[in-house]
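J.: Residue numbers (the UniProt record's numbering): 1 to 928.
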Amino acid sequence: MTLIRPQSGQSLRRLESKSACPYCGTGCGVIIEHDGQHITGVRGDPDHPANFGQLCSKGSNLHLTSRGDDRAREPLQHQRGSESWSPLRWPEALMQMAKVWAEIIHTQGPQAVAFYVSGQLSTEDYYVANKLAKGFIGTNHIDTNSRLCMASAVTGYKSSLGMDSVPCSYEDFDSADCLFIVGANVAYAHPILFRRIEAAKLRRPELQIIVVDPRRTPTAAIADIFLPIQPGTDVALFHGMLHILIWEGFLNRAFIETHTEGWEELKARVQNYTPQWVAETCAIPVADLRAAAIAFGQAPAALSLWCQGLNQSSHGTDKNVALINLHLATGQIGRPGAGPFSLTGQPNAMGGRETGGMPALLPGHREVANPEHRAEIAALWGVESLHPQPGYTAVPLFQALERGEIETVWITCTNPVLSMPDQTQVQRALEKARLVVLQDSFLGTETAAYADLLLPAASWGEREALVTNSERRITHLRTAVPAPGSALPDWMIFRDFAFILGDALDTLNHPLPSAKDASWAVRAQRMFNFADSTSIFLEYRECTRGRDLDITGLDFSVLDNQGPQQWPYPEGAVTGQARLYADGVFPTPSGRARFRDPEYLGVAEEIDARYPLRLTTGRLRDHWHSMSRTGKVAALFASDEEAFLEIHPDDARRLNIDNEMLAKVSSRRGNNILRVRVNADLQPGLLFTPMHFGRRYAPAALCNQLTLAAIDPISGEPEFKHTAVRVEPVLFPWQGTILRLLDKDAYFHAAQRIARQFPYASLGRMRRGEREGFILRIAGEQAPAASDIQAWDQALGMDGLDILDYDDGRRGIRKRLCIRQDQLYAARLFGEDVTRDWLRELLLSAADVHSYRHALFAPKVPTDMGTWVRSRGVCACTGVHERTLRQHVAAGAVTLGQIAQACGAGGECGSCKPEILDIIRLMRREAS
1 MTLIRPQSGQ SLRRLESKSA CPYCGTGCGV IIEHDGQHIT GVRGDPDHPA
51 NFGQLCSKGS NLHLTSRGDD RAREPLQHQR GSESWSPLRW PEALMQMAKV
101 WAEIIHTQGP QAVAFYVSGQ LSTEDYYVAN KLAKGFIGTN HIDTNSRLCM
151 ASAVTGYKSS LGMDSVPCSY EDFDSADCLF IVGANVAYAH PILFRRIEAA
201 KLRRPELQII VVDPRRTPTA AIADIFLPIQ PGTDVALFHG MLHILIWEGF
251 LNRAFIETHT EGWEELKARV QNYTPQWVAE TCAIPVADLR AAAIAFGQAP
301 AALSLWCQGL NQSSHGTDKN VALINLHLAT GQIGRPGAGP FSLTGQPNAM
351 GGRETGGMPA LLPGHREVAN PEHRAEIAAL WGVESLHPQP GYTAVPLFQA
401 LERGEIETVW ITCTNPVLSM PDQTQVQRAL EKARLVVLQD SFLGTETAAY
451 ADLLLPAASW GEREALVTNS ERRITHLRTA VPAPGSALPD WMIFRDFAFI
501 LGDALDTLNH PLPSAKDASW AVRAQRMFNF ADSTSIFLEY RECTRGRDLD
551 ITGLDFSVLD NQGPQQWPYP EGAVTGQARL YADGVFPTPS GRARFRDPEY
601 LGVAEEIDAR YPLRLTTGRL RDHWHSMSRT GKVAALFASD EEAFLEIHPD
651 DARRLNIDNE MLAKVSSRRG NNILRVRVNA DLQPGLLFTP MHFGRRYAPA
701 ALCNQLTLAA IDPISGEPEF KHTAVRVEPV LFPWQGTILR LLDKDAYFHA
751 AQRIARQFPY ASLGRMRRGE REGFILRIAG EQAPAASDIQ AWDQALGMDG
801 LDILDYDDGR RGIRKRLCIR QDQLYAARLF GEDVTRDWLR ELLLSAADVH
851 SYRHALFAPK VPTDMGTWVR SRGVCACTGV HERTLRQHVA AGAVTLGQIA
901 QACGAGGECG SCKPEILDII RLMRREAS
């Protein structure tokens with residue numbers, strides 16, 4: 001922590017603490033500005049090698065997410081079906097939990113309890129949770145939400161290269177001659193890495209960028225070659241490219257002969273993947289397929305980047321190994337600018353893999369199924385043995401919970417009711433569970449409704465921790481401010497529970513595995529004698545000795561004095577290792593990398609006459625996961641205020657669906673109602689909806705009610721990227737809008753309760769300068785009763801003396817405007833809301849509405865205001881909207897620099913640059 005002396009006359013302390021961003025796996029360094037009690041600001045750490053001071057729109061607003069009335073401050077118990085919670089003291093909460101867990105372990109065995117944790121936990125949290133599950137309790141049923149994003153990359157690396165070790169570094173972006181980006185919208189999911197790609201392209205225009213994605217994303221806008229393949233056809237594409245590489249003579253035969261095995265089998269497999277067949281299968285031109293293969297093969301250094309588009313598939317492992325085959329066949333690995341680089345989705349998914357926080361893994365990249373590995377960790381932990389059977393991965397875990405095979409689950413720092421596929425099944429499983437424990441920093445998540453106990457955890461900025469980013473770089477996060485209430489670091493909750501569980505097991509006379517410990521309580525005290533984060537790290541560090549991820553040369557002082565370091569960093573090292581396998585030796589029994597020859601298999605659920613359209617899901621630029629953090633920041637709603645469904649114009653015309661209409665999307669498992677965006681950047685027959693919005697913001701738009709629980713047989717990762725659906729327009733007879741300034745958090749929570757009473761609702765935040773509010777749009781089959789409207793007005797603080805009303809009962813129109821000192825602060829537009837966007841502008845701009853009073857209830861905007869339709873926000877930092885950008889482009893600002901100078905957009909974090917370029921290109925196309 002660095003103390004900055006206050007300026008003369010100031011008494012407030014200004015402190016800084018170094019940390020890392022808690023969003024994606026880029027691992028950006030962040031400097032937290034605070035006063036010792038409250039976080040007051042953030043900025044990028046210029047010394048951190050992941051971002052060199054840059055932050056994206058989400059990271060730039062982190063300081064706005066740390067407090068609020070939705071923070072979990074004390075343990076709570078909950079009667080399922082009720083919205084009320086009762087506070088508990090920590091000993092009481094853990095004792096209540098331990099009593100149930102001990103009874104289940106004693107009567108049903110340790111395999112009847114399970115943990116479901118998160119890639120947002122720290123390395124220390126993961127290590128203690130894993131030790132508690134596998135070492136103390138004896139269950140391997142501990143999985144992580146990283147199963148939903150990175151598991152196929154893990155199994156792909158292990159299958160081809162021998163170990164789950166990412167061989168590349170971010171610095172390879174700067175020296176690559178060909179970037180092959182597959183199934184990754186880097187511009188949205190990893191914006192700071194995309195800044196680096198943009199800079200590399202600007203510096204070296206000859207850099208060839210190939211983007212493979214069913215959608216023409218903002219990432220695709222920078223591509224020299226864009227391949228919009230059909231969803232799920234990646235293996236066919238990679239085999240087809242390898243076929244061309246063989247035919248054109250772009251193989252590195254010396255590398256193949258010296259450093260690989262399995263080549264002949266793969267060569268025989270891809271012989272049948274002719275360019276014509278592959279092009280037809282993928283629905284791309286043969287010429288583009290050939291161009292991509294030749295660009296990859298000719299490049300002195302080729303770097304591939306991928307994310308969930310490859311991983312989230314019932315054949316994700318096959319896709320990963322087929323891509324890695326291209327690198328092995330051309331020798332594009334282990335040198336600057338070359339290699340297969342999986343981009344991690346969460347801030348410490350890598351740390352979870354390293355500590356063994358998955359059901360088949362043990363610390364230090366060890367395997368549960370390997371007897372030697374089990375013996376090594378058992379010796380380190382001081383236990384007799386470890387269970388030899390890997391536990392359930394995420395989807396089977398919740399299925400076992402529904403069957404009653406698992407009776408209780410401890411969910412930590414994740415929201416499976418929203419994020420798991422086939423949500424209805426997950427809900428059934430949690431309803432059947434004997435005890436559901438949720439450990440989280442935030443209240444009100446979709447999963448909280450199913451929890452019996454809620455344990456409050458410290459959040460970002462409130463705990464000391466280690467995390468590992470996508471390039472194997474470890475960062476030390478310092479504590480900046482205390483956690484609210486009695487919230488604790490996750491590892492401390494696991495530790496304290498172990499102590500109390502030991503007592504509970506002793507009470508039941510549960511047999512100990514041996515006489516090594518006098519009791520379960522003594523065993524717990526010995527195994528979890530952790531006083532702080534440092535003591536946990538030192539024990540975990542020993543687990544890595546002699547392994548591929550050896551970090552025995554690291555300690556907190558090295559990380560603090562020399563900055564974040566990449567592993568391996570063994571004892572005696574003076575720096576980490578930027579890239580792996582430079583010597584061509586791989587951690588396999590033969591020392592050779594392995595070619596794999598998977599057969600191309602289609603998607604798990606094909607389209608048919610009843611469900612003729614393909615739905616894919618993904619991330620937005622300004623939101624993250626289930627919005628527990630980003631949902632608190634009004635600026636991050638500007639670009640995407642509500643859940644939506646993107647559809648190609650041809651499909652929209654065929655289905656009689658217009659832009660901004662509501663549509664019902666149905667799969668074999670459920671349905672959503674979403675507002676439509678017609679978008680020609682999609683292929684005909686393909687739909688897209690974002691993954692983030694849940695019951696708190698869009699009760700009828702839960703995309704994982706649609707997705708299926710088909711999983712990869714090796715990695716266990718679900719197929720989120722393809723669901724067969726049908727779409728039909730929805731015309732509700734009644735609709736309404738509520739606009740309100742937010743001077744109390746309670747008003748937002750009241751709006752959430754109102755939203756849940758309608759078949760369609762969307763709730764978003766809005767902001768202009770210091771004025772912040774919300775917009776609630778609702779629709780239904782009939783107008784709400786007058787008594788309900790009156791109750792809602794009271795709950796929203798819209799029942800004072802400063803109101804104007806307009807009621808037309810015959811037409812079902814009921815409007816109310818709340819005006820204070822000639823400024824609008826709230827509006828209810830029920831039955832007709834044509835002027836919604838105009839009134840929104842008046843509210844946010846604090847406009848004097850006195851001269852418009854005669855027109856405020858009219859079903860049209862006054863003529864002197866012109867046509868007023870809200871424009872989508874583009875720049876979250878400056879609040880600049882698309883209409884403003886179009887005006888500047890029309891006036892002659894046609895470069896990013898000119899736009900930034902004219903209105904500021906794109907001149908701060910840069911996350912909006914791809915969209916600004918899209919607007920410029922579109923207007924040029926329109927002009928021509």
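The beta-carbon is built from N, C-alpha and C at its ideal position, and this holds for glycine as well. Predicted model, so just to flag it, every value in this text is computed and none were measured.
#1: Out of curiosity, what's the CA-to-CA distance linking Thr-863 and Arg-840?
#2: Determine whether the beta carbon atoms of Met-420 and Asn-671 lie at a separation below 8 angstroms.
#3: Who pairs with Thr-144 in a beta bridge, going by DSSP?
#4: Could you tell me which of Leu-148, Tyr-170, Arg-654 sits nearest to Phe-341, measuring between CA atoms?
#5: Do the CB positions of Arg-473 and Glu-464 come within less than 8 angstroms of each other?
#6: Let's test the definition: count the other Cβ atoms within 10 Å of the Cβ of Glu-265 and tell me whether it reaches 16, buried, or not, exposed.
#7: Going by alpha carbons, who is nearest to Thr-32 out of Pro-49, Thr-26, Leu-55, Ala-50?
#8: Would the beta-carbon of Ala-643 fall within 8 angstroms of that of Ala-698?
#9: Within the continuous beta strand (DSSP E) that includes Ile-333, where are the two ends?
#10: Helix, strand or coil for Gln-565, going by three-state DSSP, please let me know.
#11: According to DSSP, is Asp-213 helix, strand or coil?
#12: Assuming Thr-521 and Asp-506 form a contact by the criterion Cβ under 8 angstroms, report the distance between their Cβ atoms to the nearest whole angstrom.
#13: Measuring straight from C-alpha to C-alpha, what distance separates Asp-70 and Asp-143?
#14: Looking at C-beta atoms only, is the number of pairs between the segment 710-729 and the segment 304-322 that lie closer than 8 angstroms three or more?
#15: With DSSP as the reference, please indicate the residues paired to Met-766 in a beta bridge.
#16: Do the segment 410-425 and the segment 117-130 touch if we need at least three Cβ pairs shorter than 8 angstroms?
#17: Could you tell me the distance, in whole angstroms, from the CA atom of Ile-919 to the CA atom of Ala-189?
#18: Please identify the residue among His-692, Tyr-825, Ser-851, Thr-575 whose C-alpha is closest to the C-alpha of Leu-844.
#19: Indicate the three-state DSSP secondary structure (helix, strand or coil) for Ile-500 in the structure shown.
#20: Tell me, to the nearest whole angstrom, how far the beta carbon of Gly-334 is from that of Arg-592; I am working on the premise that it is less than 8 angstroms.
#21: Using a 10 Å radius around the Cβ and a threshold of 16 neighbouring Cβ atoms, would you call Thr-2 buried or exposed?
#22: How about Pro-336 and Ala-302: do their beta carbons lie closer than 8 angstroms?
#23: Could you spell out where the alpha helix (DSSP H) holding Ile-104 opens and where it closes?
#24: Can you have a look at Thr-534 and say buried or exposed, based on whether 16 or more other CB atoms are within 10 angstroms of its CB?
#25: Could you have a look at Val-436 and say whether DSSP puts it in helix, strand or coil?
#26: Pick helix, strand or coil for Gln-525, following the three-state DSSP scheme.
#27: Between the C-alpha atoms of Arg-768 and Ala-876, what's the straight-line distance to the nearest angstrom?
#28: Which residue comes first and which comes last in the alpha helix (DSSP H) that contains Arg-195?
#29: How close, in whole Å, do the beta carbons of Met-527 and Phe-136 come, if the pair is a contact with beta carbons under 8 angstroms?
#30: Is the separation between the beta-carbon of Lys-632 and that of Leu-64 shorter than 8 angstroms?
#31: Please report the Cβ distance between Ala-236 and Tyr-600, rounded to the nearest whole angstrom; I am assuming they are in contact, meaning their Cβ atoms lie under 8 angstroms.
#32: When the Cα of Thr-219 is compared with those of Ser-160, Ala-847, Leu-305, which residue comes out closest?
#33: Apply the 10 Å Cβ neighbour rule to Leu-202 and answer buried if 16 or more other Cβ atoms are within range, or exposed otherwise.
#34: Let me know if Gln-821 comes out buried or exposed under the rule of 16 or more other beta-carbons within 10 Å of its beta-carbon.
#35: Kindly indicate which residue of Leu-418, Val-166, Pro-22 has the alpha-carbon position closest to the one of Leu-466.
#36: Which of the three DSSP states, helix, strand or coil, is assigned to Cys-703?
T.: By the coordinates alone:
#1: Taking the first residue of the sequence shown as 1, we reach residue 863 at position 863. Taking the first residue of the sequence shown as 1, we reach residue 840 at position 840. Roughly 17 angstroms separates the two Cα atoms.
#2: Translated into positions along the sequence shown, residue 420 becomes position 420. Translated into positions along the sequence shown, residue 671 becomes position 671. In this structure, Asn-671 does not lie closer than 8 angstroms to Met-420 by Cβ.
#3: To locate residue 144, count along the sequence shown from 1; it is residue 144. The partner list for Thr-144 (beta bridge, DSSP) reads Val-117.
#4: Residue numbering aside, residue 341 sits at position 341 when the sequence shown is read from its first letter. Minimum Cα distance to Phe-341 is reached at Tyr-170.
#5: In the sequence shown, the residue the question calls residue 473 occupies position 473. In the sequence shown, the residue the question calls residue 464 occupies position 464. Judged by beta-carbon spacing, Glu-464 lies beyond the 8 angstroms limit of Arg-473, meaning their Cβ atoms are not closer than that value.
#6: Here residue 265 corresponds to residue number 265 of the sequence shown, with the count starting at 1. Exposed, by the Cβ-count rule.
#7: Your numbering for residue 32 matches position 32 in the sequence shown. The residue asked about is misnamed: residue 32 is Ile in this sequence, not Thr. The shortest Cα separation from Ile-32 among Pro-49, Thr-26, Leu-55, Ala-50 belongs to Leu-55.
#8: Numbered from 1 along the sequence shown, position 643 holds the residue referred to as residue 643. Numbered from 1 along the sequence shown, position 698 holds the residue referred to as residue 698. Taking 8 angstroms as the Cβ cut-off, Ala-643 and Ala-698 qualify as a contacting pair.
#9: If you number the sequence shown from 1, residue 333 lands on position 333. If you look at Ile-333, you'll find it isn't in any beta strand (DSSP E); DSSP assigns it neither H nor E.
#10: Stepping through the sequence shown from its first residue, residue 565 is reached at position 565. Reduced to three states, the DSSP call for Gln-565 is strand.
#11: If you number the sequence shown from 1, residue 213 lands on position 213. In the structure shown, Asp-213 sits in coil (DSSP, three-state: anything other than H, G, I, E or B).
#12: Position 521 of the sequence shown, counted from the start, is the residue given in the question as residue 521. Position 506 of the sequence shown, counted from the start, is the residue given in the question as residue 506. Just to set this straight, residue 521 is Ala in the shown sequence, not Thr. Rounded, the Cβ-Cβ distance is 6 angstroms, consistent with contact.
#13: On the sequence shown, residue 70 is found 70 positions in, with the first residue counted as 1. On the sequence shown, residue 143 is found 143 positions in, with the first residue counted as 1. Their Cα atoms are separated by approximately 26 angstroms.
#14: yes
#15: Along the sequence shown, one-based indexing puts residue 766 at 766. Met-766 pairs with Gly-773.
#16: Between the segment 410-425 and the segment 117-130 there are three or more C-beta pairs closer than 8 angstroms, enough to call the two in contact.
#17: The residue labelled residue 919 in the question sits at position 919 within the sequence shown. The residue labelled residue 189 in the question sits at position 189 within the sequence shown. Looking at the two C-alpha atoms, the distance is approximately 20 angstroms.
#18: On the sequence shown, residue 844 is found 844 positions in, with the first residue counted as 1. Leu-844 has its Cα closest to that of Tyr-825, out of His-692, Tyr-825, Ser-851, Thr-575.
#19: As a position in the sequence shown, residue 500 is number 500, starting the count at 1. DSSP places Ile-500 in helix when its eight states are reduced to three.
#20: Within the sequence shown, residue 334 is the residue found at index 334, counting from 1. Within the sequence shown, residue 592 is the residue found at index 592, counting from 1. About 13 angstroms; that fails the 8 angstroms criterion.
#21: By one-based count along the sequence shown, residue 2 stands at place 2. The predicted model places Thr-2 with a pLDDT of 37, which falls under 50 and marks its position as unreliable, so this point remains unresolved.
#22: By 1-based counting over the sequence shown, the position of residue 336 is 336. By 1-based counting over the sequence shown, the position of residue 302 is 302. No.
#23: What you label residue 104 is simply residue 104 of the sequence shown in a count that begins at 1. Taken as a continuous stretch (DSSP letters only), the alpha helix (DSSP H) holding Ile-104 covers 90-108.
#24: In the sequence shown, counting from the first residue as 1, residue 534 sits at position 534. Around the beta-carbon of Thr-534, fewer than 16 other beta-carbon atoms lie within 10 Å, marking it exposed.
#25: Locating residue 436 in the sequence shown gives position 436, where the first residue counts as 1. Three-state DSSP puts Val-436 in a strand.
#26: By one-based count along the sequence shown, residue 525 stands at place 525. Of the three classes helix, strand and coil, the one that applies to Gln-525 here is helix, per DSSP.
#27: The residue labelled residue 768 in the question sits at position 768 within the sequence shown. The residue labelled residue 876 in the question sits at position 876 within the sequence shown. One C-alpha to the other measures close to 11 angstroms.
#28: For the purposes of this step, residue 195 is taken as residue 195 along the sequence shown, with counting starting at 1. According to the DSSP assignment, Arg-195 belongs to the alpha helix (DSSP H) that extends over 191-203.
#29: Numbered from 1 along the sequence shown, position 527 holds the residue referred to as residue 527. Numbered from 1 along the sequence shown, position 136 holds the residue referred to as residue 136. Met-527 to Phe-136, Cβ: 6 angstroms. Contact.
#30: Start at 1 with the first residue of the sequence shown, and residue 632 comes out as number 632. Start at 1 with the first residue of the sequence shown, and residue 64 comes out as number 64. In this structure, Leu-64 lies closer than 8 angstroms to Lys-632 by Cβ.
#31: By one-based count along the sequence shown, residue 236 stands at place 236. By one-based count along the sequence shown, residue 600 stands at place 600. Contact flag correct, Cβ pair sits at about 4 angstroms.
#32: One-based indexing of the sequence shown puts residue 219 at position 219. Selected option, being the one with the closest Cα: Leu-305.
#33: Here residue 202 corresponds to residue number 202 of the sequence shown, with the count starting at 1. Leu-202 is exposed by the Cβ-count criterion.
#34: Within the sequence shown, residue 821 is the residue found at index 821, counting from 1. So Gln-821 counts as exposed.
#35: Your numbering for residue 466 matches position 466 in the sequence shown. When each option's Cα is compared against that of Leu-466, the closest is Pro-22.
#36: Sequence index remark: in the sequence shown, residue 703 carries index 703 (1-based). It is helical.
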